[in-house]
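Here's the structure we're looking at; comments come further down.
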Amino acid sequence: MEYNFAEVEKKWQQRWRSDNAYRVTEDADRPKLYVLDMFPYPSGAGLHVGHPLGYIASDIYARYKRMQGFNVLHPMGYDAYGLPAEQYAIQTGQHPATTTQQNIARYREQLDKIGFSFDWSREVRTCDPAYYRWTQWAFIRMFHSYYCYDAQQARPVEELVGVFAQQGTTGLNVACSEELSFTAVEWCAKTEAEQQQTLMRYRLAYLGEAMVNWCAALGTVLANDEVAAGLSVRGGHPVEQRKMRQWCLRTSAYAQRLLDGLDSLGWSESLKETQRGWIGRSEGAELAFRVKNSDVALEVFTTRADTIFGVTFMVLAPESGYVAQLTTPAQRQEVDAYLEATKRRTERDRMADKKVSGAFTGAYATNPLTGEDIPVWVSDYVLAGYGTGAIMAVPAHDSRDYAFARHFRLPIVPLIEGCDVSQESFDAKEGVMVNSGFLNGLTVQQAIQRAKEHIAETKLGKVKVNYRLRDAAFSRQRYWGEPFPVYYKDGMPHTLPESCLPLELPSVDKFLPTEAGEPPLGRAAAWAWDTEKSAVVETAKVDNRAIFPLELSTMPGFAGSSAYFIRYMDPHNPRALAGKAPNAYWRSVDLYVGGTEHATGHLIYSRFWNKFLYDIGATCEDEPFRKLVNQGMVQGRSSFVYRVVGANHLVSAGLKDRYQTQEIHVDISLVDKDVLDVEGFRRWRPEFADATFELEDGKYICGSAVEKMSKSMYNVVNPDDIVEKYGADTLRLYEMFLGPLEQAKPWDTSGIDGVHRFLRKLWRLFYDRQGSFDVSAEAPTPQELKVLHRTVKKVRGDIEAFSLNTAVSALMICANELTDLGCRKREVLRPLTALIAPFAPHLAEELWEALGGGASVCKVPFPDFDPALLAESALEYPISVNGKLRFKKTLALGLSKEEAQQLLLADPRAEALLGGRPLKSFVYVPGKIINLVC
RNA sequence: GCGGAUAUGGCGUAAUUGGUAGCCGCGCCAGCCUUAGGAGCUGGUGCCGAGAGGCGUGGGGGUUCGAGUCCCUUUAUCCGCACCA
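By our numbering, the letter at position 454 of the first sequence is numbered 457, and the numbering carries on one by one without gaps.
See below:
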């Protein structure tokens, strides 16, 4: 029998399925291990060859650990809510649920062909009401929680109400949109509506007037991580800042815990740095500048409290509420014109031209330390969303303030001895203070400290830590997402009772906003809440007594992906996201594999969400992902043809410099080793059916480039095609063989024959030329055992270190050596089969069966190695003197340094090498080299 | 601008973590077997040189008996953040 991968793989995939081979249950007698992949968004394009990279790596790891006796949870599911399905729905009228369903079916088919060991009985889909009821449930809990900084955890809002009634805001240390101050008496005097409005500032899920990223083209609000350089990440449409009433999550409350938690995680340093940067902790002081002839005190945040003596003006962000309040009548026109101009500029324009612009409000504030009057300006270089939306400007020591001061001819007062600010500001935090009153003579570092103390003592302000991490915008004006379990009574939001969940997504006639500009849910015929019947009823029935309109926006994509890893632990539980017992068993994800693109999105949100669930006792671990491996992106290799501009004439790549040409992407299936299938191309692109082709050596050579793998570049490689041609085991091996997992790499199929050949070579260790099974019961030689045990040791170490490319190489070397030795012995081939099982499970099963090994190779213990066997054998070492002279010497492994020295000095050749010189020292590296140092 | 990472044959990469640089694979060359083949097998393959030999891990410097690996410096590429006060 020849190695017929198609047959073998089909056979074992069917058997695994019918045996439920990879189903797991909690088992207190075995150690658990939770190995998770980031679940995919099922797009219409299907899986490309890049998607399974991480899945294969984690599958190898999961299979390996399973063979070592771990009870491995290795599930898979779908992040099924998302923009593309909705936009497709708008274009075609097809319900997103239908297309999503179809895409999922396609994904499943593709995944099944690769031979993963997922427990599909635990599949989770975010758009499934049985799942998203827990997304809605968490939202309700957030709505009814506030964050207490003293306890460092989320607490029920009722508790806060009790505090307010007893002591008002005195002594309160809690997360809040805007700090308020009232007494218990004042609290009790508030109306119900006022109390609710006040509480809204404390809730972890709150309705707020927030500056949001509004994308007009998508018709929705986007989160910060969904916007890059002023454009939407999806689609690349312009995004503007807008103040809107939106649901928000108070992620900022968890900033410090999100930061601290990173230290204990087994993530790459660069990923942790990215998150640290995104959280953006900075220590400084907040202090107030009194505005003259007004009762306004402008609060500013600064990390350079030492520079207050050099504050020569202040700047407000254009969006700041104080602008209108402080602008004098004389300056009104100029300021209004400036605000108008800024509003028209998009975020992107602002970034593109960094021209200094601004306007004087006419108001003056008083520098609290110098007592001088300083002008208050408005400029768009100050951000509304960071700090207080106002700054104290120190032009001598901040380059942005410097540019502004220069442009508007404002005074610049240097504060550091000997610094030159005639050309540029001196931003470095070094030197000795001058012109700074009581700070004179101190170093900058000392002065920062002293100034902060002074501010706190004199009550000018207080020491404060500021974070860049902002609250997450949580509303999307879209259809295809989780509905909010919220109805509105007298304009105030109320949550549905938890017992009424899930609140299912209603059907609508179209997926577009309503004519009135409401989100698509405004079209739903039945989208009102009957508080008496606790049921969704027709929208038309809304009245003033018991029936109220439901929230029209839906939750963003990250909502559903923020707790799915907990659901896998107990996926069918109707009473909890996950039951206490399964949760206590599986705890958290031991290994999480996925792309870096989620560094500041999913991986922040889900940590936040998990910490909240931890606070309310819904999960037993504070951090969801102990270890995380980022697989590098698999890029595509695109091919191009070159069209002569203005002519229906295409020239081969080597000739393109002779003409003025235009690059055109060509489908890579029409290109083989850079040679274009000209006839195929004509058929593919009818507009070139009668084009003329200028060839080189009778061939049309295409150009190429490494780009993102995408449909529009025509460079997508489908794993199905690889499986068809080479088999799943070859695909698995080859994806690992490509290089280190974390590295980005272009897909290049040209090396795949090598690993395919390896599998055939392996097959031939079991089957002879005629194709009959031919394995002997003879005892292996020490040399054969050494080859085996060395490989086992190497492969074990490599899998533990997640160095799967070198593990595959080691297996290939092993097969080569056994072939060279002509070793076809059962005692060697049995462990070898178990060794390759995680990598090439189908082939391993087949060979295992042929060996008569028992039910399934996936259930046998992973082979171990005998260190003694490896140490016993003699090896050849070179000896060198001062790294120059060398000759060979045979020594036994496993000697101590002293033993080796004795042996060495007794060796006549060492004596000759030394030539009478005394031996100063020597370097003995077991198994490697002996170097004599004279 | 700030932060992080990477740099090794024609290509993807490896190097027992400071110890003979280039394992494994692709490609290429030669041979065998078949020969219509992009099939299979065996051997060779860092560069220069006929040879002895010399040179080689982006460039420059350093530490060391010994450096791809450690330190300083510089260049290039990729990624993240980007008016964060």
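Using N, Cα and C, we set each Cβ at its ideal position, and we do this for glycine too.
Computed from a predicted structure; not experimentally measured.
May I ask you to list the residues that DSSP assigns as paired with residue i?
i      : result
Lys536 : Per DSSP, none; premise fails for Lys536.
Gln249 : Gly211
Glu243 : Trp217
Thr305 : Ala288
Can you give me the C-alpha to C-alpha distance between residue i and residue j, rounded to a whole angstrom?
i      : j      : result
Ser273 : Cys705 : 37 Å
Ala291 : Glu212 : 24 Å
Thr103 : Pro43  : 12 Å
Asp867 : Ile802 : 13 Å
Pro783 : Glu852 : 21 Å
Tyr205 : Lys35  : 39 Å
Val795 : Ser713 : 39 Å
Ile394 : Val385 : 7 Å
Thr498 : Gln200 : 15 Å
Val381 : Gly520 : 33 Å
Asp376 : Phe487 : 51 Å
Tyr341 : Lys462 : 35 Å
Lys892 : Leu872 : Low local confidence applies: a pLDDT of 32 at Lys892 is under 50, so the model's placement there is unreliable, and no value is given.
Ala955 : Asp298 : With the chain represented from 4 up to 937, any question about residue 955 goes unanswered, as that position is not in the structure.
Glu830 : Leu762 : 19 Å
Gly897 : Pro870 : Here Gly897 scores only 40 on pLDDT, less than 50, and its place in the model should not be relied on; the value that follows carries that caveat. Cα to Cα, Gly897 sits roughly 10 Å from Pro870.
Lys432 : Tyr91  : 54 Å
Phe805 : Gly484 : 36 Å
Lys275 : Phe696 : 52 Å
Ile458 : Asp309 : 10 Å
Ile117 : Gly85  : 26 Å
Glu302 : Gly392 : 9 Å
Pro929 : Arg799 : In this prediction, Pro929 scores a pLDDT of 47, lower than 50, which makes its location untrustworthy; the coordinate-derived value is nonetheless stated afterwards. About 21 Å.
Asp756 : Leu846 : 17 Å
Arg409 : Arg293 : 25 Å
Lys630 : Asp593 : 6 Å
May I ask which residues mark the beginning and end of the alpha helix (DSSP H) holding residue i?
i      : result
Ala566 : Here Ala566 belongs to no alpha helix (DSSP H), and DSSP marks it neither H nor E.
Asp263 : 258-265
Phe477 : Careful: Phe477 lies outside any alpha helix (DSSP H) and carries neither H nor E.
Val719 : Premise fails: Val719 is in no alpha helix (DSSP H) and is neither H nor E.
Ile839 : 829-839
Gln200 : 195-203
Gly800 : 785-803
Trp530 : It is not in any alpha helix (DSSP H) - Trp530 carries neither H nor E in the DSSP assignment.
Ser21  : 8-22
Gly280 : 272-282
Lys614 : 605-618
Lys35  : Segment 35-40 is the beta strand (DSSP E) holding Lys35; no alpha helix (DSSP H) there.
Could you check how far apart the C-beta atoms of residue i and residue j are, in whole angstroms? I think they sit under 8 Å.
i      : j      : result
Arg640 : Pro627 : Between Pro627 and Arg640 the Cβ distance is about 36 Å, and since that is not below 8 Å, they are no contact.
Phe312 : Leu372 : 6 Å
Ala157 : Ile619 : 6 Å
Ala208 : Met145 : 4 Å
Gly954 : Gln634 : A query on residue 954 cannot be resolved here, the shown segment of the chain reaching from 4 to 937 and no further.
Trp687 : Leu698 : Actually they are not in contact, since the Cβ atoms of Trp687 and Leu698 sit about 18 Å apart, beyond 8 Å.
For the beta strand (DSSP E) containing residue i, list its first residue and its last residue.
i      : result
Asn216 : 208-218
Leu413 : Counting along the chain, Leu413 falls outside any beta strand (DSSP E), and DSSP gives it neither H nor E.
Leu594 : 594-597
Arg646 : 637-647
Gln156 : 156-159
Trp380 : 376-381
His652 : 652-654
Tyr384 : Element bounds for Tyr384: n/a, residue is neither H nor E.
Checklist entry - Counting Cβ pairs closer than 8 Å, one from the region 429-439 and one from the region 252-261, do we hit at least three? => result no
Checklist entry - Is the number of C-beta pairs between the region 438-452 and the region 413-427 that are closer than 8 Å three or more? => result yes
Next on the checklist: For the region 16-34 against the region 74-81, do three or more pairs of beta-carbon atoms, one drawn from each stretch, fall closer than 8 Å, so that the two count as touching?
Outcome noted: yes
Item to check | Cβ contact (3+ pairs, closer than 8 Å) linking the region 593-605 and the region 641-661 | outcome: no
Item to check | the region 182-193 contacting the region 124-132, beta-carbon criterion three pairs below 8 Å | outcome: no
Next on the checklist: Closer than 8 Å is the cut-off here; do at least three beta carbon pairs connect the region 318-326 with the region 457-472?
Outcome noted: no
Checklist entry - How about the region 831-848 and the region 730-737: do they share at least three Cβ pairs that are nearer than 8 Å? => result yes
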